[in-house]
Amino acid sequence: MSRLDEVTRGRILFGGDYNPEQWPEETWHEDVRLMRDAGVNSVTLGVFSWAKLEPRPGAREFGWLDRLMDLMHENGIGVVLATPTSSPPPWMGRLHPETLPRDEDGRTEWWGGRQHFSHSSAVYRRYAAAITEDLAARYGGHPALTMWHINNEYCTFDWGDEAAGTFRRWLQDKYGTLEALNAAWGTAFWSQGYGDWDEILPPRRAHYMKNPTQVLDFRRYTSDMLLECYAAERDIVRRHTPHLPVTTNFMPMWVGQDAWKWVTEEDVVSVDLYPDPRDPFGAQNGALVQDMTRSQAGGGPWMLMEQAAGPVNWRGVNHPKARGLNRLWSLQAVARGADAVCYFQWRQSRQGAEKFHSGMVSHAGEAGRIFQEIKGLGAELAGIGPEVTGSPIAADVAVLHEWNAWWAGAQEGRPSSEVDYPQVVRAWHRALWEAHVTTDFAHPEHDLSAYRLVVVPQLYLLTDAAIDNLLSYVRGGGTLVCGFLTGVADEDDRVRPGGMDARLRELFGIRTLHEWWPLEAGESAGCDGFVGTLWSEELEAEGADQVIPYKGGELDGLPAVLRKGRAWYVSTLPEPPALRDLVADVAAGAGVRPVLDGLPAQVEAVRRGDLLFVFNHGRETVTVEVPGTHRDLLTGEQVAGAVELERYGAAVLAR
Amino acid sequence: MSRLDEVTRGRILFGGDYNPEQWPEETWHEDVRLMRDAGVNSVTLGVFSWAKLEPRPGAREFGWLDRLMDLMHENGIGVVLATPTSSPPPWMGRLHPETLPRDEDGRTEWWGGRQHFSHSSAVYRRYAAAITEDLAARYGGHPALTMWHINNEYCTFDWGDEAAGTFRRWLQDKYGTLEALNAAWGTAFWSQGYGDWDEILPPRRAHYMKNPTQVLDFRRYTSDMLLECYAAERDIVRRHTPHLPVTTNFMPMWVGQDAWKWVTEEDVVSVDLYPDPRDPFGAQNGALVQDMTRSQAGGGPWMLMEQAAGPVNWRGVNHPKARGLNRLWSLQAVARGADAVCYFQWRQSRQGAEKFHSGMVSHAGEAGRIFQEIKGLGAELAGIGPEVTGSPIAADVAVLHEWNAWWAGAQEGRPSSEVDYPQVVRAWHRALWEAHVTTDFAHPEHDLSAYRLVVVPQLYLLTDAAIDNLLSYVRGGGTLVCGFLTGVADEDDRVRPGGMDARLRELFGIRTLHEWWPLEAGESAGCDGFVGTLWSEELEAEGADQVIPYKGGELDGLPAVLRKGRAWYVSTLPEPPALRDLVADVAAGAGVRPVLDGLPAQVEAVRRGDLLFVFNHGRETVTVEVPGTHRDLLTGEQVAGAVELERYGAAVLAR
Amino acid sequence: MSRLDEVTRGRILFGGDYNPEQWPEETWHEDVRLMRDAGVNSVTLGVFSWAKLEPRPGAREFGWLDRLMDLMHENGIGVVLATPTSSPPPWMGRLHPETLPRDEDGRTEWWGGRQHFSHSSAVYRRYAAAITEDLAARYGGHPALTMWHINNEYCTFDWGDEAAGTFRRWLQDKYGTLEALNAAWGTAFWSQGYGDWDEILPPRRAHYMKNPTQVLDFRRYTSDMLLECYAAERDIVRRHTPHLPVTTNFMPMWVGQDAWKWVTEEDVVSVDLYPDPRDPFGAQNGALVQDMTRSQAGGGPWMLMEQAAGPVNWRGVNHPKARGLNRLWSLQAVARGADAVCYFQWRQSRQGAEKFHSGMVSHAGEAGRIFQEIKGLGAELAGIGPEVTGSPIAADVAVLHEWNAWWAGAQEGRPSSEVDYPQVVRAWHRALWEAHVTTDFAHPEHDLSAYRLVVVPQLYLLTDAAIDNLLSYVRGGGTLVCGFLTGVADEDDRVRPGGMDARLRELFGIRTLHEWWPLEAGESAGCDGFVGTLWSEELEAEGADQVIPYKGGELDGLPAVLRKGRAWYVSTLPEPPALRDLVADVAAGAGVRPVLDGLPAQVEAVRRGDLLFVFNHGRETVTVEVPGTHRDLLTGEQVAGAVELERYGAAVLAR
C-alpha cells in the first residue's frame, strides 16, 4: 500500500505546508534561505489556493505557482502539490448556494471558514474536477513535483436536499429493495416503514431518538461520499502522473472516515497529529495514532503530514511545546514508521483564523526558540534518514479497531453515555504501551494468524465474517483478550440473540448475559485483586477455565474476568495499572515480550528494522539498561550496557 | 371516573405493550407460550403500527392484526388496542410536510423518530380519524378487545404557521376581544399591544424575554390542542364501542398536559412510570406518581400502563433493576391503587431506537433473570388479585398540585431559577412519605372538606376561586400548611397587590412581604431549630399566633414560619428531616396518624381496603411490628405481632 | 461633551423610568403623590410606548401622553422623553417581516420580546423617523420636557440579507477597493479572496472558524449601524429642540458599542448600572463603570439612567439589596460624577417579562422597605445637590480601555479562552481601587500627558497612532505599566512582527517573545514574591533595568515582570493582593497618592470638587481617620479627625 519510498529515497521528508500566497514575494526568498538552513526537503503547496488559482469561475492564475514550483526546484525542495478543493472560493457559494452543506437542523454552513462544500453537489464536483485537471496538466511534469495531496482533512457532513438524493442512491446500491432496507433498519418499530425511496431522508432533527441504523448508514454513506470525492480527483491526477503517489491527510482516528476502506485507495497513508502538550499521556496518544497509521499503511512507512512545532489554536487553552518536546515526538513518529516529519505550517500566519497556530518559523522568527529547535531536528533527521527509511516495525500483538463498531456503539439510546469508544481503545493501547509491548492495529476481518495476541478493546458491532475470523484465530492457536460490549450487534446493528453472539459466549465460557451494570462516572466495581471502572456485567459462567470474580456490591461473586483456554473476556475496564498487569500477563502467556526488560515507567523503546529507539518522556534524567553495545546515531557515540537520557531525551541505537 | 373494574373483574391486569410486527410469526407463538407461563392476561397492541396498517395513503393492511387478535383471544389474553396516531408513517411527512411540527426556532421535526405530528394539522387529524374509524369498525366487536388506548404519551409542541392559526382561534375563544387579550397579557409593557388577531404568534424565538402570559397561554393551548386530538379519536371509538373504556397513557407528572382537565375526558387513568433504579428515593418518587394518578382517577383504581422490567435506555447511564426491585415497585403500585401492572414492552427489541430498553423478555431470553422474576411476579399478582382489585385507599391529607401554577412559576424572568416546582412538590410529598402518612393529591379548586390536612407545596398562581376554596377550607376546620411563592399571581399571571394575595396574607398573619431572598444552590438560611434551603423571605408579621424566626444573617429575628390558628406558612424549604418533623407535627395536630407507628426509615406501609401492604425498600432485613394477627397473602403464612422483611421484601397482610 | 448641567441646575436628578401605560389613570395620581413624597424630580417617559402611540401603521394616539406631560409639569417633575423605537409594535413585524433581525444561524428574532428590529431595515428606519418627528413636533415645546432619550440599550445584531447589503456599503466606505479589503482580512488564507462585493456576507455560521477580521469589522459595523440609527433620531429631535440635550443609555461596558465613538454624538452620557448585590466586589464593579462613564463624559457629570432599587429578574438567582445598599451605591455614583440618580422603574410592574424586576415602589407598595429607603435617599440627594452638581473629580491615573482591542482579542482561535478581557480590566481597576487611588479611563489615542501613571490592562490590538502615543507619553515623563497580550496586532488584526510590536518590546526591554504559556483555570505560575494567574510568557530580556523572574516550572529564571525606566511590563496576572501592591508601588514611584492614607480595606474614599466622600462597604462599623475638621453634609454634624461609619455607611465631608 505504501509508495512513500518512491519519494523518500533514503531521506526522511522534512518540511510542511507552505502557504506563500499569504506573503509578499520577497518573503519567499527569505523562506527558502531558512528552509535550507533547517534541512527542509519537502513542502506542500496549494492546500488553500483555490481562490488564488481561480479568482473568478473558470479563470486560471498559475503564474505565481509557476514561480514557486521553480523556486523550490532550484533549491532542491520537493513539492507535494495539493488540490485546493477543501475550501471553495466565495464566488462558488454565491453563484451556487446548493454547494453549501446543511447541518442536521437545516442550517447552512456559509463560506467564510473552510470545508464548506457539499460532497453531494454536482456543481462542486464539476468545479473541483476542472481545477484538478488543469493543475495536473500544468504541473504533472514539473521536476519539483513528488506527490499529490488531495483536498485536506475531509470532514464535512451534509443533511441537505442534494445529499438526500445521493443518500437514496447509496442506499439503493446497498439494499436493492425497500424491503431489504426496511428489514435492515428495523422500521417495523415506531411505524417507520418506507413505502417509497423518496420518503427517505438523511437523519435530520427529529422529535425523539432517531433510527440507529439510519444514522449508522448515514455515517457509512458520508465516509463513502467523501471517498468518492477523493477518488474522482485522484483518478484525474493519476491519469496525468501514474508515476507519482497520491495521498490525502487523515485526522488521527477521526470518527468520520472509515480509514480501513480509504487506505485501499491511497498510495501513501498520511496523518495529521496534534497531541496536547499538556496531556500526561500525550506520548502514548501519539504512539497510538502512529501504530494505527502504520498498520493502515500495511506496515509500510507513512507520512506525518501535519504536526505543530509549538501550540495549536483550537483548544480552550493552547499550550506550547516545552523545549525538546517537538524533537522527541518527531523521533517517536520515525521510530513507529514515519518516513516523513512535516508540519502545519512552515511560517506562522500573521492573519486569518489560524495565526495563533504555530509554524516552523514562529512569530518570533529566526531567533525564536521554535525555529532553533526545528533546525536541530532537521539536522538529526538528515543524519539518521539513510539508516531508517523503509525499514519495518515488527509486532506480535494486534489491537482490533473498526469504524462501524464505533459508529453503531455511539448511538443515542445506548446503555451508557459514559462509554466512549476512543477512550476505551486508548485505555487498552495504553496498557500495552506501559507494558512496553509494541502493537499493530488491525481490522477484525484481517488475517490475524501472524499475531501471538489479539486485543479487542470493544467491538460492539461485529459481522459474521469477523466473528468467524476471531474464532478461527483462537482455534489456530492465537490468544484473544476481549473487552466488554463486544459482539453485541450484527452489521445492521441488530442485537444478536442472547445480547452477545452465542459463539463468542461459548468461546469465553459465558452461559447467560443477564444484565449490563454500567457504572456512573467516578464509580467503580470491586473485583478480586483490582478495581473496575465504567462498566460491569451480571454474567453466568459455563465452561470457563478460570474466573476472577466481582467482590462486594450487587455482583458479588459473579465472574468479572473469564478465561477459557486462550480466550479471555474482561467485563469491566480495570484501572490502568491493573489493566497493564493483566495485559502483560496475558501477553507473556502468549509468548509476547516487552521491547526491553526493566524499562522505567516514562521510557519508551521501539525497534525499527535493526535500530532500537529509546525515549525518555519524563522530566528527570534516567538511565536505561540496553544489553550489548550500540552506537547512538544521534550523537555518534558508543553505548555499552546502558544509555543515559535527559529529560525528553532520545537515542537511536544501532548495533 | 374509573371504569377499569369493567376490565379487571377481579384480576390484576398483567402484561404490556406487545409489538409483534417486529418479529416473524413463529415468534408470536413462542410469545404466547411465555405469556401464559408468566400469567400475562393483557397486552397492548398497535401503538406504533400505523405504517404497517396503512403502508400507503388510504391503504389498509389488517390481516396480520386479525391473526394476532385471534391468537390472543384463543389464549385468554385481553387486548388493549391502541390507535397508532402517535407516529405517522414516512409518507405523511413527505406528501404533507405541513403535518410536521416546528420548534421555537423554526426548525422542523422530521420523521425518523416518533411523535412528529402537529396537533394543529388538519391533514394529520383527517388521516388519524380515518384510521381510527376503520380500526374501531373492524375490531370493535372482537372478543379479545377490552379497552382502547388513544395515541401514546402526547407531548409534541408546535410553533409553526398552522399552529399559529389554531392558537389565534383558541385565544379568540378564550378572550373574545383583543382588548381582553391585551389586558390579560399586559401588552402595555414593552410595546406589545396587538391591534389585529393576525399579529399574534406562538411565542417563537425572540431577542429577549418573551411575554410570560403569552407563554402561559401557549402552554394551556398546547395541552388543550393535544386533548382535542385525543377527544376526536375517543369519540370515534366510543361511537363504535360505548361499552368499552378509553384511556391514553400519561407520562408521570409531565409538564405539558393539564392532567386534571384531561382525566375528565378519560374512562380509565393510566400512567407510565420509570423511576431511576439508582435514585435513593425512587420508591418515594414512585409513590408520588401513584398517589397523583390515583387521585386523578377520583380515588378509583388506575392502570400502570408502562414500566420497565429492567433498565431504560434514555438516561445517561441506564441502570438495571436489582433482583427483587421490579417485584417490590410493582406491588407498591398495587398498594397505592393500581389494578393493572404493565410494561413497555413484552419482548425487548433487537432493532430500533429502543432496543436497549428492557422488556419482560430480555435479550437474555427465557433463561434471563428478568423473565424469571416476571414469572414470579405474575403468579403473585394472580394470587392477590381477587382480594385487592377495586378496593380504595383512604387518605386524610391532600397535597395540592396544579399545572397553571407550575407553568406560570417557571417563567423566564423569575426571582430564582433554582426553584424547581416538581422538586418542591417532591420535597413535601417526601416529608409525608417519610412520616408514613398516606396522602392524596388535589386541585386547589376541589372540595377539600374531607381532608384533615391540606398541604400546598407551592402554588405561585391561584385563581380567586382557589383562594376562596382555601379560605373556606380553613374556616370549616381544616388545617392548611403552605409553602412559599404561593398566591403571588392571578390566573393571568398578574401579580396580586402586595406581592401575595391579601386574604392569604391575612390568613397566615403576614402584614407586609417586603422582599424575597432566594438562596443560591447549596446556600442555606438559619432558622430557630432547623436550616432552610432554596428560599427565604423578609416578612413583617401581624396577628400570627406563633412564629419560628430566622437566626443569623440579614433576616435575623424575622419570621420564617408563621402559624395563625390552623393556617401555617413556611417561607423557606426546611431540610428534609426538619420538613418531615414539621409536617408530622402539623399532621398530628390535625389528627392525622401514620399508617403504622414505629416504622423503620426504609419501610413503607399502605392500607388498601382491608389489606395492609408493608414494603422494605432497604437492603437490610428488618422486622416490622404489626399489631394483631394477619395472614400474608404472598406466603400464605400467619403473621403475629411482627413481620420480617428481607431486602426489597413485601408483605400483603389480611386480617 | 456634557450638557447635563443645563438640566440639573443645582439639583441631582432623582427619579426613573415611568411606564404609566401599564396602569389605570387613577394610579397616575397616586404615583405623583408618592413621587413628591420621595423627592422625585425627573421621570423618563415613552421608552416602550410605540404600540400605544401608533397602534396601527401611521396612527397617532398622543392624548394619554399629553395628559401625563401636563401632570408632570403641574407637579414640578421634569420629563426625559424617549423615542419608543427600541420595541416596534407587532404590526410592524407582521406587515414587514424584513424589519426583524436574523441571528448567525439564520433564525428570526420575532416580536413578543423587545429590541426586535434590524438596524439595517429601511422600513424600520422610516417608521422610527416618523414617530420621532411627530413626538418632537408635539412635545418639543412642552415645559415639562428637559431632555431627549433616544431608543433604549441599543444591542441588536443582524446577520440577515438587508444587513448584508449595509455591511457591504460600510466595507466599501472603509476600504474603497476589494484589494484593500482582501489585504486587510488576510483572505489569502483558506481561499477566501473576494472577487465581487456581492460575495461578502456577515460572518454567518460556518463549518469551522471564521475570518477574524471579518468578525472584527462586523462588530465595528454593528456599532456604527446602531449609531446611525441613534444619530438619525437625534438629528430629528435636535432640529426641533436645539436647546435640549440628547442621550441614549449605555449598558455598562457593553461589548457591542464602541462608546468612545458614541459619546462624541451625545450631549449627555448616561448608563444603566446593575451590580449584583451578592458580588463581594459589587462596589468596585460599580466604581469601574462610574469611572468609565465619567471619562466618556469628558470628566463632566453623567447620568445614572437606570439602576435597581432592589432585585433584578434576569440573573439565575436574583438577590435583593440589603438595607442601606441602594443608598450607599447611589451616593457612590454621585461621588464618582453622577448628577442624576435614576431607576428602572418607578413602579414595579404587575405584568409582563419584568414584573420581578424591582421598582422604586415595589409590589409591597408604600409601606415596603424599598420605598421607605427611596424616600430617605431622595431627601439626602436634595440636601447635597447644590454642593455637588457640576463639580469635577481629579485623577492622576488613567486605565486604557478600547473596544477594538477587546473585540479582536476575543476571536475564536485565540491562545486561551480563559483570558476574558473585561475580567482583566476589572482586575487592574480593582488593584487601583484597593490601593485607594482614583482613576480615569482613557482611549489609547487620547492625550495622556496630564496623567502621572497610565495602566494598560490588555490592549491586544493597538493602532500605530496608539503605539506612538504610548511611546511619547513615556518619553514625556509618564509612567506606564502594561499587562500581557498588548500590542500584538495592528488595526486589521495582523500580528505585528515578533508577536508584539517591536517599539513596545524595545520600550520594556524585551528582546524576544519566544512563546506564550497560557495557564489553565486554577493553575498558577510561581514568581519571585508572588503568584501569577491566567498567563505567563517565555521572554528574553535585553536592556531592562529590573526584572522579577518566574520561579520554578518551565519558565524558571525567565523574566515575569520587566522595568525599563518608567515603563513596566507584567507578563502574568498577579493574584489580587500582589497586583494591588505592585500597582501601589508603581503609582507611588510616579508620585500618585491614595485619596486618604491608612484606609481600611472595605472603605472607599473619593474627592469630588471640594467634597470628600467616604463609604463603608463592609458590614462592620469602622472608624476612618480624616485629618482636619469637616462638616458631614448628610448629618449636618462636625467631624474632627475621624468619622465613624456603620455598615454601608456614608459621609459627605465638606471643609
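Chains as they are written, first to last, in my numbering: chain L, 324 to 978; chain G, 324 to 978; chain R, 324 to 978.
Ideal placement from N, C-alpha and C gives every residue a C-beta, glycine not left out.
The structure displayed is predicted, hence computed values, not measured ones.
Answer yes or no: does any C-beta atom of chain R fall closer than 7 Å to that of residue i?
i	result
PHE512(G)	yes
GLY609(G)	no
GLU556(L)	no
HIS566(G)	no
CB of residue i to nearest heavy atom of the ligand MN: below 6 Å?
i	result
THR835(G)	Looking at this structure, you won't find the ligand MN or any other ligand, since it has none at all.
Measuring only the C-alpha atoms, how far is residue i from residue j?
i	j	result
SER653(L)	ALA632(L)	10 Å
ASP519(R)	ARG492(R)	13 Å
GLY621(G)	VAL884(L)	53 Å
GLU865(R)	LEU827(R)	13 Å
VAL569(R)	TRP373(R)	19 Å
GLY706(R)	ALA361(R)	13 Å
PRO767(L)	ASP481(L)	29 Å
If you drop the 5 nearest sequence neighbours on each side, which residues of the same chain put their C-beta closer than 6 Å to that of residue i?
i	result
GLU456(L)	ILE559
TRP981(R)	In the structure as shown, chain R begins at 324 and stops at 978. Residue 981(R) is therefore absent and cannot be evaluated.
LEU539(R)	TRP730, ALA731, ASP816
ASN727(L)	LEU784
LEU919(L)	ALA928
Is there a C-beta anywhere in chain L that falls below 7 Å from the one on residue i?
i	result
SER365(R)	no
Among the options, whose alpha-carbon lies nearest the alpha-carbon of residue i?
i	options	result
THR856(R)	LEU934(R), PRO600(R), GLU741(R)	GLU741(R)
THR786(L)	ALA812(L), VAL586(L), HIS769(L), ALA965(L)	ALA812(L)
SER444(R)	ARG425(R), ARG430(R), ARG461(R)	ARG425(R)
GLU877(R)	SER847(R), TRP891(R), GLN674(R), TRP433(R)	SER847(R)
GLY832(L)	VAL804(L), ALA901(L), PHE480(L), GLU863(L)	GLU863(L)
So if DSSP puts residue i in a beta bridge, which residue, or which two residues, is it bridged to?
i	result
TRP839(R)	GLU860(R)
PRO882(L)	PRO872(L)
Suppose the cutoff is 8 Å on Cβ atoms and the five residues either side in sequence are ignored; what does the same chain contact list for residue i look like?
i	result
THR406(L)	GLY369, ALA451, ILE454, THR455, LEU458, TRP471, HIS472, ILE473, ASN474, GLU556, VAL560
VAL747(R)	PRO780, GLN781, GLY806, LEU857, LEU896
Hey, does residue i have any beta-carbon neighbour from chain G nearer than 7 Å?
i	result
PRO526(L)	yes
Less than 7 Å between C-beta atoms, sequence neighbours within five positions excluded: which residues of the same chain meet that for residue i?
i	result
GLY628(G)	In the sequence under discussion, the amino acid at residue 628(G) is Met, which differs from the Gly named in the question. For MET628(G), where only same-chain residues beyond five positions count, the Cβ hits under 7 Å are ASN572, SER593, VAL594, ASP595, CYS665.
MET548(L)	HIS442, SER443, THR489
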